[in-house]
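J.: Quick one: the structure is below, and I'll ask about it shortly.
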Amino acid sequence: MKTQLENIYNSAKSDIENAQSVNDIEEIRLKYLSRKGEFNSIKKGLKDLSDEDKKIIGSLANKITQDLEGLLKEKYDIFYQKELNEKLEHEKIDITLSGKYISEGRVHPLTETTNEIVSIFQSLGFSVVAPELSPEVETEYYNFDMLNVPKDHPARDVQDTFYVKDMPGVVLRSQTSGAQIHVMENQKPPIKVISPGRVYRNENINARKNNFFHQIEGLYVDKGITFGDLKGVLNEFTRLYFGSARPTRFRSSFFPFTEPSAEVDVQCIMCQGNGCRTCSGTGWLEVLGCGMVHANVLRGVGIDPDVYSGFAFGMGIERLAMLKYAIDDIRLFFNNDKRFLEQF
Ligand code: DAH
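Residue numbers 910 to 1253, in the numbering used here, belong to the letters of the sequence shown in order.
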């Protein structure tokens, strides 16, 4: 048995000497030292020996096992370190190589402008109307009738407004003003709201006109609201949006749903008021329409015009963005040319 042990020891030692890798070492360990390995099968024979022999052979077996474990560990460490170094060398990352460029998404300039205008009015106490009170597919009733627009008003013409095919009285809204009616039908004064959204008009597309664009509608109805309140709110808006250095003016105007009506102009940003092509030589650019809500409109939704009064306004978002950023073609907002969009 002793010779058997020594033979195994010697062959294990020469196996270890010939080993080339961590893998080889693992295999040798399994072959000799695992539960199913060669030493264990010999150790099983110990029980048939005399007590005397058990001691001698047993301690020899233990010594040999310890020896082999030591040898294996020594070689293992050497191979492990060597293989790790090779791997690190091989898998080295060159951090000086330039990476792949991943372009980032951005907020669309119209969304950004809308957000800015909305937050200005929120700071003045207005809240945003729920989208279901501001539908894009609308009826003539809300888009025109309830806004005191006469049956023969030219805006109702198919030349100006998109009518939905085979659905009499249904239009793509031409203005966000219909939201005023929805809100007043659903809410009692005091009402102080804004409503941003898309509108559609049957236009020939050019640098100044697109067949859809965006507006923000505003409405403030309560007891004792005056034209002075209207001026105060809109002056504050233009001051916050364009900066206090940019002159603005109120000019009297006409809308069927307001009386009196006005338009707000800002000094032309292209020529600083000297007169140029953009402002048709006037030095001023119109930015919004507004007025005191017409008594007919209030009556139509069951609000008594002798008790309540209110003002309304509507502004084009593209127009406001074009003025602020000196953009001269409305189509740029819709072409989705990254060279344009990336500038915001
Ligand atoms: N709806 C008008 C338009 O599209 C803009 C407007 C003018 C809205 C006066 C208003 C208003 O609420 O009071 O041209």
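Even for Gly, the Cβ is constructed at its ideal location relative to N, Cα and C.
Is the Cβ-Cβ distance between Leu939 and Gly946 less than 8 Å?
T.: For the purposes of this step, residue 939 is taken as residue 30 along the sequence shown, with counting starting at 1. For the purposes of this step, residue 946 is taken as residue 37 along the sequence shown, with counting starting at 1. Cβ atoms of Leu939 and Gly946: closer than 8 Å.
J.: For Ile1178 and chain C, any beta-carbon pair shorter than 8 Å?
T.: Reference to chain C is not applicable here, since this structure consists of a single protein chain.
J.: How would you write the range of the alpha helix (DSSP H) that Asp997 sits in, first residue to last?
T.: Working through the sequence shown from its first residue, we reach residue 997 at position 88. This sequence places Leu at residue 997; Asp is not what is there. Note, Leu997: alpha helix (DSSP H), Asp960 to His999.
J.: Does the segment 1205 to 1221 come close enough to the segment 1171 to 1190 that 3 or more CB-CB pairs lie under 8 Å?
T.: In short, these stretches do not touch, since the Cβ pair count stays below three.
J.: For the 8 Å Cβ check, are there 3 or more pairs between the segment 1194 to 1204 and the segment 1167 to 1183?
T.: Verdict: yes, contact present.
J.: DSSP on Ser943, reduced to helix/strand/coil?
T.: For this step, residue 943 is matched to residue 34 along the sequence shown. In this structure, Ser943 counts as coil in the three-state DSSP scheme.
J.: Below 8 Å, can you find three or more Cβ-Cβ pairs linking the segment 1080 to 1096 to the segment 1105 to 1116?
T.: With the cut-off at 8 Å, the segment 1080 to 1096 and the segment 1105 to 1116 touch.
J.: In angstroms with no decimal places, state the Cα-to-Cα distance between Ala1039 and Arg1015.
T.: Position 130 of the sequence shown holds residue 1039. Position 106 of the sequence shown holds residue 1015. When rounded, the distance between both Cα atoms is 25 Å.
J.: The alpha helix (DSSP H) that contains Arg1142, what's its start and end?
T.: Position 233 of the sequence shown, counted from the first residue, corresponds to residue 1142. The sequence shown places Val at residue 1142, rather than the Arg named in the question. Phe1136 to Phe1151 is the extent of the alpha helix (DSSP H) around Val1142.
J.: When you compare each of Gly1211, Thr1020, Phe1166 and Phe1243 to Asn1119 by their alpha carbons, which one comes out closest?
T.: In the sequence shown, counting from the first residue as 1, residue 1119 sits at position 210. Out of Gly1211, Thr1020, Phe1166 and Phe1243, Phe1243 has the C-alpha closest to the C-alpha of Asn1119.
J.: My parser needs the alpha helix (DSSP H) runs of 4 or more residues fully inside the segment 1144 to 1212; what are they?
T.: List check, alpha helix (DSSP H) in window: 1204 to 1209.
J.: Is any heavy atom of ligand 1 found at a distance shorter than 7 Å from the C-beta of Thr1135?
T.: On the sequence shown, residue 1135 is found 226 positions in, with the first residue counted as 1. No, the Cβ of Thr1135 stays beyond 7 Å of every heavy atom of ligand 1.
J.: Are Glu1047 and Gly1087 touching if we call contact CB-CB under 8 Å?
T.: Here residue 1047 refers to the residue found at position 138 of the sequence shown. Here residue 1087 refers to the residue found at position 178 of the sequence shown. Taking 8 Å as the Cβ cut-off, Glu1047 and Gly1087 qualify as a contacting pair.
J.: To the nearest angstrom, how far is the alpha carbon of Ser1028 from that of Pro1044?
T.: Start at 1 with the first residue of the sequence shown, and residue 1028 comes out as number 119. Start at 1 with the first residue of the sequence shown, and residue 1044 comes out as number 135. Cα-Cα distance, rounded: 22 Å.
J.: Report all residues from its chain with a CB closer than 7 Å to the CB of Thr1022; omit the five preceding and five following residues, and keep chain order.
T.: What you label residue 1022 is simply residue 113 of the sequence shown in a count that begins at 1. Here the set comprises Ile1226, Leu1229 and Ala1230.
J.: Closest to Ser1153 by CA distance: which of Asn1144, Arg1160, Ser1161 and Phe1159 is it?
T.: Numbered from 1 along the sequence shown, position 244 holds the residue referred to as residue 1153. Of the listed residues, the one whose Cα sits closest to Ser1153 is Asn1144.
J.: Do you know how far the Cα of Arg1065 is from the Cα of Pro1313?
T.: Residue 1313 lies beyond the residue range present for the chain, which begins at 910 and ends at 1253; the question has no answer from this structure.
J.: Going by DSSP, which residues form a beta bridge with Val1079?
T.: As a first step, residue 1079 must be located in the sequence shown, where it is residue number 170. According to DSSP, which records beta bridges pairwise, Val1079 is partnered with Thr1048.
J.: If you drop the 5 nearest sequence neighbours on each side, which residues of the same chain put their C-beta closer than 6 Å to that of Gly1321?
T.: Outside the displayed range of the chain (910 to 1253) lies residue 1321, so it cannot be described from this structure.
J.: Give me the Cα-Cα distance between Glu926 and Ser920, rounded to the nearest whole angstrom.
T.: In the sequence shown, counting from the first residue as 1, residue 926 sits at position 17. In the sequence shown, counting from the first residue as 1, residue 920 sits at position 11. When rounded, the distance between both Cα atoms is 10 Å.
J.: Hey, is the segment 928 to 938 in contact with the segment 988 to 999, meaning 3+ C-beta pairs nearer than 8 Å?
T.: Judged by Cβ distances under 8 Å, the segment 928 to 938 makes contact with the segment 988 to 999, as three or more pairs qualify.
J.: So, helix, strand or coil for Pro1105, using DSSP?
T.: On the sequence shown, residue 1105 is found 196 positions in, with the first residue counted as 1. Note: Pro1105 maps to strand in three-state DSSP.
J.: One question on the structure: do Ile1090 and Val1130 come within less than 8 Å of each other, judged by their Cβ atoms?
T.: As a working note, residue 1090 is residue 181 in the sequence shown. As a working note, residue 1130 is residue 221 in the sequence shown. No, they are not a contact pair.
J.: Could you tell me how far apart the beta carbons of Lys911 and Ile966 are, in whole angstroms, since I believe they sit closer than 8 Å?
T.: Mapped onto the sequence shown, residue 911 falls at position 2. Mapped onto the sequence shown, residue 966 falls at position 57. Contact flag correct, Cβ pair sits at about 6 Å.
J.: So, under 8 Å CB-CB, Ile1239 and Ala1116 are touching, yes? Tell me the CB distance rounded to an integer number of Å.
T.: Within the sequence shown, numbered from 1, the residue matching residue 1239 stands at position 330. Within the sequence shown, numbered from 1, the residue matching residue 1116 stands at position 207. Contact holds; Cβ gap of about 7 Å.
J.: If you draw a straight line from the alpha carbon of Arg944 to that of Ile1011, how long is it in whole angstroms?
T.: Numbered from 1 along the sequence shown, position 35 holds the residue referred to as residue 944. Numbered from 1 along the sequence shown, position 102 holds the residue referred to as residue 1011. C-alpha separation (whole angstroms): 56 Å.
J.: Using the DSSP secondary-structure output, state which residues sit across from Tyr1129 in a beta bridge.
T.: Here residue 1129 corresponds to residue number 220 of the sequence shown, with the count starting at 1. Bridge partners of Tyr1129: Lys1101 and Phe1220.
J.: In the DSSP assignment, find the alpha helix (DSSP H) that holds Gln1084 and state where it starts and stops.
T.: Within the sequence shown, numbered from 1, the residue matching residue 1084 stands at position 175. Element bounds for Gln1084: n/a, residue is neither H nor E.
J.: For Ser930, name the three-state secondary structure that DSSP assigns.
T.: Counted from its first residue, the sequence shown places residue 930 at position 21. Reduced to three states, the DSSP call for Ser930 is coil.
J.: Taking the C-alpha atoms as reference points, what is the distance between Phe948 and Glu961?
T.: To locate residue 948, count along the sequence shown from 1; it is residue 39. To locate residue 961, count along the sequence shown from 1; it is residue 52. For Phe948 and Glu961, the distance between alpha carbons rounds to 20 Å.
J.: Who are the Cβ neighbours of Val1210 in its own chain at under 8 Å, not counting the five residues just before and after it?
T.: Here the question's residue 1210 lines up with position 301 in the sequence shown. Excluding positions up to five away in sequence, the list reads Met1055, Ile1090, Met1093 and Glu1094.
J.: Say yes only if the C-beta of Ala1221 is nearer than 7 Å to one or more non-hydrogen atoms of ligand 1, and no if none qualify.
T.: Taking the sequence shown and counting its residues from 1, one reaches residue 1221 at position 312. Yes, ligand 1 has a heavy atom inside 7 Å of this Cβ.
J.: Phe1071 by DSSP, collapsed to three states: which one?
T.: The residue you call residue 1071 lines up with position 162 of the sequence shown. Three-state result, Phe1071: coil.
J.: Val1058: which of Thr974, His1203, Gly1008 and Ser1161 sits nearest, CA to CA?
T.: For the purposes of this step, residue 1058 is identified with residue 149 of the sequence shown, where counting begins at 1. Among Thr974, His1203, Gly1008 and Ser1161, the Cα nearest to that of Val1058 belongs to His1203.
J.: For Phe1035, which residues in the same chain have their Cβ closer than 7 Å to its Cβ, ignoring the five residues on either side in sequence?
T.: Your numbering for residue 1035 matches position 126 in the sequence shown. Counting only Cβ-Cβ distances below 7 Å, and skipping sequence neighbours, we find Lys1101, Val1102, Ile1103 and Gly1127.
J.: Check for me: the alpha helix (DSSP H) holding Val1256 runs from which residue to which?
T.: Outside the displayed range of the chain (910 to 1253) lies residue 1256, so it cannot be described from this structure.
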